[in-house]
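Chemist:
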Amino acid sequence: MTVFQKSPLVTVSALTLILSLALAVVAPPFITLDNLQNLMLQVSIGALFAFGVLFPILLGGIDLAVGSVGALAGVSVALLMTNGVPIGISVLLVLALGAFLGAVHGWATFRLGIPPFVVTLAGLQIYRGAALLLSGGTTIAGLPEAFNRFAVASFLGIPSLFWVTLLSLGACGFLLSKTRTGRYFYAVGSNPEAARRAGVDVARITYLAYALSAFFASLGGVLLASRLAIGTPTAAMGYELSAIAAAVVGGASLFGGRGSVLGTFFGALLFAIIRNGTNLMGIDPFWSMVAEGFLIALVVYADSLGRRRYAGLR
Amino acid sequence: MKRILAFVLGFGLAANALGQGLRNMEVVVIVKATNSQFWQYVLEGAKRAGESLGIRVTPQGAAEEADIAGQIAILENAITRRPAAIVIAPTASKPLAAPIEKATKAGIPVVIIDSAGETNLYASFLATDNVAAGRLAADMLAEAIRKKTGKVEGEVAILSSVPGVSSVELRNKGFLEGIKKYPGLKVVENRFANNDPARALSITLDYLSRYRNLVGIFANNNVMGSSAGRALEQRNIKKVALVAFDSDDQEVELLRKGFIDALIVQDPFMMGYAGVFYAVAARMGVRLPPYVDTGSLAVTADNYNSEEIQGLLNPSKRVVKPFLGPAR
Chain A
1 MTVFQKSPLV TVSALTLILS LALAVVAPPF ITLDNLQNLM LQVSIGALFA FGVLFPILLG
61 GIDLAVGSVG ALAGVSVALL MTNGVPIGIS VLLVLALGAF LGAVHGWATF RLGIPPFVVT
121 LAGLQIYRGA ALLLSGGTTI AGLPEAFNRF AVASFLGIPS LFWVTLLSLG ACGFLLSKTR
181 TGRYFYAVGS NPEAARRAGV DVARITYLAY ALSAFFASLG GVLLASRLAI GTPTAAMGYE
241 LSAIAAAVVG GASLFGGRGS VLGTFFGALL FAIIRNGTNL MGIDPFWSMV AEGFLIALVV
301 YADSLGRRRY AGLR
Chain B
1 MKRILAFVLG FGLAANALGQ GLRNMEVVVI VKATNSQFWQ YVLEGAKRAG ESLGIRVTPQ
61 GAAEEADIAG QIAILENAIT RRPAAIVIAP TASKPLAAPI EKATKAGIPV VIIDSAGETN
121 LYASFLATDN VAAGRLAADM LAEAIRKKTG KVEGEVAILS SVPGVSSVEL RNKGFLEGIK
181 KYPGLKVVEN RFANNDPARA LSITLDYLSR YRNLVGIFAN NNVMGSSAGR ALEQRNIKKV
241 ALVAFDSDDQ EVELLRKGFI DALIVQDPFM MGYAGVFYAV AARMGVRLPP YVDTGSLAVT
301 ADNYNSEEIQ GLLNPSKRVV KPFLGPAR
């Protein structure tokens with residue numbers, strides 16, 4: 001299984017490198033420190049959503065609610081802080097809310113047997129509606145300066161938002177490759193019945209996967225509120241599809257059992273580089289969307305070729 | 001508006017004489033969204049200014065007006081290109097404040113157009129006086145209601161685009177101030193459609209079924225206007241007055257057919273045109289006024305064919321004439 005994982009990782013990281021080199025030549029501002037910092041800022045939040053969504057995908061499920069969870073998180077944290085709750089506590093409460101909502105998704109899909117697509121599709125609507133209700137349909141400004149400053153701060157030349165992404169990358173990577181629980185995600189994703197008979201607590205793994213997904217979506221939502229300096233119910237629209245795309249380009253299979261956090265990170269980075277590059281070159285941003293679409297098809301096709309060859313199929 | 005024209009044309013002549021200095025200049029113009037006719041007019045004006053000055057104008061914008069993070073990213077990337085100046089219509093006032101300040105601190109003059117940013121680190125702010133425009137809309141709506149029903153009485157509803165946007169909030173503020181002059185009119189609701197045409201259409205239809213005594217609707221931007229007008233057209237309702245902002249092709253068509261009673265038209269072409277000229281002036285060290293009102297006008301079926309209105313409605317056919325005063 002580890003070799004299968006290496007192949008998509010090689011594909012996506014090679015693509016990232018090639019694209020970066022090409023841009024460095026065609027659009028020299030690309031490799032300035034300024035632009036690299038921008039790139040880090042622009043990839044950080046999307047990458048968090050992508051890390052989260054990888055867990056349900058590993059199980060062969062999906063989480064379409066992450067964008068809405070992010071918006072609800074942003075609105076909630078804004079409401080708490082503007083009503084006097086200290087920043088730290090507000091953030092922790094909202095992260096806990098995210099994890100809780102995720103656990104509910106896990107429960108609905110495991111205990112009630114409702115397909116994850118349906119559960120999280122319902123969630124997408126419900127949480128977006130909740131965000132609109134809580135905020136009264138309008139933006140919540142007047143957030144504490146310290147909170148807003150976080151998104152603008154940097155440490156050792158690296159934006160703090162990106163530090164959060166790196167730490168999350170490390171934590172998720174460690175969980176998936178170095179712990180037993182992590183291996184169980186792959187086991188349940190490859191063959192849930194076999195995993196169950198082997199003694200894996202499939203319920204626990206399912207709840208954990210969806211909880212992690214919503215947790216990271218919440219974290220992304222809170223950081224987005226910091227970057228925008230407002231809580232707005234229309235934030236993070238469409239983020240679920242970008243997150244899924246990043247995971248898939250990074251080597252995850254929508255059927256479950258395959259994928260890696262590092263690959264997902266490179267997937268998110270690749271999309272961010274395409275957008276950054278089109279801005280720098282003054283190209284119509286709509287070409288960026290077309291390019292991103294082709295990228296998804298290309299990478300998945302290239303991976304499938306590699307896999308078929310390795311598995312001895314013709 | 002007239003003050004800008006004076007300044008701008010005078011400068012333009014001088015600039016042409018200096019020609020060489022401007023040749024390699026680039027001005028990046030960032031609009032809220034490229035999918036709207038209003039912003040297309042702004043870019044048309046900006047492009048024309050670029051041609052007059054012989055400089056490069058790079059148009060940019062997110063795909064939707066609600067994409068705040070997208071515009072922040074575009075502005076950050078624009079700063080990296082180190083253009084001569086940036087002209088921007090901020091999608092939302094608070095989130096774009098920090099990036100605008102970053103541009104100014106990097107030595108790039110920023111001219112803000114259409115909607116305010118929550119900062120004072122910019123070169124100039126060109127916009128429609130949205131409060132005055134909102135008041136004008138209230139007057140036009142009352143007038144249209146009087147024409148249709150013989151009296152100025154009944155329920156009135158507002159259809160708003162995106163929450164937290166300064167131009168929208170100011171228009172609503174002006175409208176509510178203006179409508180106070182008509183004690184017989186009662187504002188029953190203000191709903192946000194998130195600038196989504198489909199949602200606006202259903203909200204309008206909901207208004208029509210829920211409020212039995214509805215006599216008027218105020219739609220505060222082009223997308224809202226088109227959708228509300230379309231809803232009235234679908235139901236073939238002409239007894240409800242509708243006043244909308246801006247002048248997209250569908251809105252003008254609906255005006256001609258009688259489903260929209262008045263369009264409050266801004267001058268987006270001039271925002272882009274003057275925006276670029278001001279940006280270049282700022283680059284060359286000229287000190288600018290903090291705020292310039294680019295003006296608004298009411299267009300009805302009656303004055304639609306005048307040359308002034310036609311120029312406002314068709315930017316590609318607009319002939320920019322020398323400004324002769326009086327200065328305001």
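Here the protein sequences come in this chain order: A and B. According to the UniProt record's numbering, the first sequence holds residues 1 to 314 in order. According to the UniProt record's numbering, the second sequence holds residues 1 to 328 in order. Just so it is clear, CB atoms sit at the ideal spot from N, CA and C, and this is done for glycine as well.
Taking three-plus beta-carbon pairs below 8 angstroms as touching, is the segment 281-295 of chain A in contact with the segment 85-92 of chain B?
Modeler: No, the segment 281-295 of chain A is not in contact with the segment 85-92 of chain B.
Chemist: Find out if the Cβ-Cβ distance for the pair G70/A, A217/A is shorter than 7 angstroms.
Modeler: yes
Chemist: Please determine, among L305/A, L59/A, V66/A, V249/A, the residue with the shortest C-alpha to C-alpha distance to F294/A.
Modeler: V249/A
Chemist: Determine, for E251/B, whether the minimum Cβ-Cβ distance to residues of chain A falls below 7 angstroms.
Modeler: no
Chemist: Using the three-state DSSP reduction, which class does L121/B fall into: helix, strand or coil?
Modeler: Coil, per DSSP.
Chemist: Output, in chain order, the set of chain B residues within a Cβ distance shorter than 8 angstroms of V152/A.
Modeler: By Cβ distance, chain B contributes A98.
Chemist: Could you run through the segment 72-85 of chain B and flag, in chain order, every residue whose CB is less than 9 angstroms away from some CB of chain A?
Modeler: I72, A73, I74, E76, N77, A78, I79, T80, R81, R82
Chemist: Please list the residues of the segment 187-221 of chain B that have a C-beta atom closer than 7 angstroms to any C-beta atom in chain A, keeping them in chain order.
Modeler: F192, N194
Chemist: Is it right to say A327/B is buried, meaning 16 or more other beta carbons lie within 10 angstroms of its own, or is it exposed?
Modeler: exposed
Chemist: Do M25/B and I74/B have their C-beta atoms closer together than 7 angstroms?
Modeler: For the 7 angstroms CB-CB criterion, M25/B and I74/B do not form a contact.
Chemist: If you drop the 5 nearest sequence neighbours on each side, which residues of the same chain put their C-beta closer than 6 angstroms to that of D228/B?
Modeler: For the record, residue 228/B in the displayed sequence is Ala; it is not Asp. Cβ within range, chain order: L159, T204, I217, A219, L242.
Chemist: Which full runs of the beta strand (DSSP E) of 3+ residues lie inside the segment 203-258 of chain B, going along the chain?
Modeler: 214-219, 241-245
Chemist: Under the three-state reduction of DSSP, which class applies to T149/B: helix, strand or coil?
Modeler: helix
Chemist: For chain A, check one thing: does any of its Cβ atoms lie closer than 7 angstroms to the Cβ of G285/B?
Modeler: Not an interface residue.
Chemist: So, helix, strand or coil for S76/A, using DSSP?
Modeler: helix
Chemist: Is I158/A closer than 7 angstroms to A78/A when the C-beta atoms are compared?
Modeler: Against a cut-off of 7 angstroms, the Cβ pair of I158/A and A78/A comes out as no contact.
Chemist: I need the straight-line Cα distance from I296/A to A268/A, nearest angstrom please.
Modeler: Each residue's alpha carbon lies about 11 angstroms from the other.
Chemist: A50/A and A236/A - do their beta-carbons sit closer together than 7 angstroms?
Modeler: Note that the C-beta distance between A236/A and A50/A is not below 7 angstroms.
Chemist: Report the neighbours of L280/A on chain B: residues whose CB is nearer than 7 angstroms to its CB, in chain order.
Modeler: Neighbours of L280/A on chain B, chain order: N77, T80, R81.
Chemist: What in chain B is Cβ-close to P285/A, meaning under 9 angstroms?
Modeler: T34, Q60, G61, A62, A63, G70, I74
Chemist: Reducing DSSP to helix, strand and coil, say where N195/B ends up.
Modeler: coil
Chemist: Taking G154/B as the reference, give the member of N194/B, R199/B, E143/B, R283/B with the closest Cα.
Modeler: E143/B
Chemist: Excluding the 5 residues flanking M1/A on each side, which residues of the same chain have their C-beta closer than 6 angstroms to its C-beta?
Modeler: With a pLDDT of 42 at M1/A, under the threshold of 50, the predicted position of this residue should be treated as unreliable, though the coordinate-derived value follows. Non-local C-beta neighbours of M1/A in its own chain, meaning closer than 6 angstroms and more than five positions away in sequence, are absent.
Chemist: In angstroms, rounded to a whole number, what distance separates the CA positions of V110/B and K317/B?
Modeler: 28 angstroms
Chemist: Which residues of chain B have a Cβ atom closer than 8 angstroms to the Cβ of Q125/A, listed in chain order?
Modeler: What Q125/A touches in chain B: nothing, since even the nearest Cβ is about 14 angstroms away.
Chemist: Mind checking which residues open and close the beta strand (DSSP E) that includes Q60/B?
Modeler: 56-62
Chemist: Given that R275/A touches chain B, what residues does it touch there, using C-beta distances under 8 angstroms?
Modeler: A73
Chemist: Alpha carbon to alpha carbon, how far is L224/A from I45/A? Give it in angstroms, no decimals.
Modeler: 7 angstroms
Chemist: Within the continuous beta strand (DSSP E) that includes E26/B, where are the two ends?
Modeler: 26-33
Chemist: Do M224/B and A198/B come within 7 angstroms of each other at the CB atom, strictly closer than that value?
Modeler: It is not a contact, given that the beta carbons lie outside the stated cut-off.
Chemist: Rounded to whole angstroms, what is the Cα-Cα separation between G178/B and V188/B?
Modeler: 15 angstroms
Chemist: Could you check if N236/B is buried or exposed, using at least 16 other CB atoms within 10 Å of its CB as the buried criterion?
Modeler: exposed
Chemist: Please find out if some non-hydrogen atom of the ligand MN comes closer than 6 angstroms to the beta-carbon of E189/B.
Modeler: Summarising the ligand content, the structure contains no ligands, and the ligand MN is consequently not present.
Chemist: Using the Cα positions of G258/B and G113/A, report the straight-line distance between them to the nearest angstrom.
Modeler: 54 angstroms
Chemist: Using the Cβ count rule (16 or more neighbours within 10 Å means buried), how would you classify Q125/A?
Modeler: exposed
Chemist: Take E101/B and list the residues in its own chain whose beta-carbon comes closer than 7 angstroms to its own, dropping the five residues that flank it on each side.
Modeler: T119, L121
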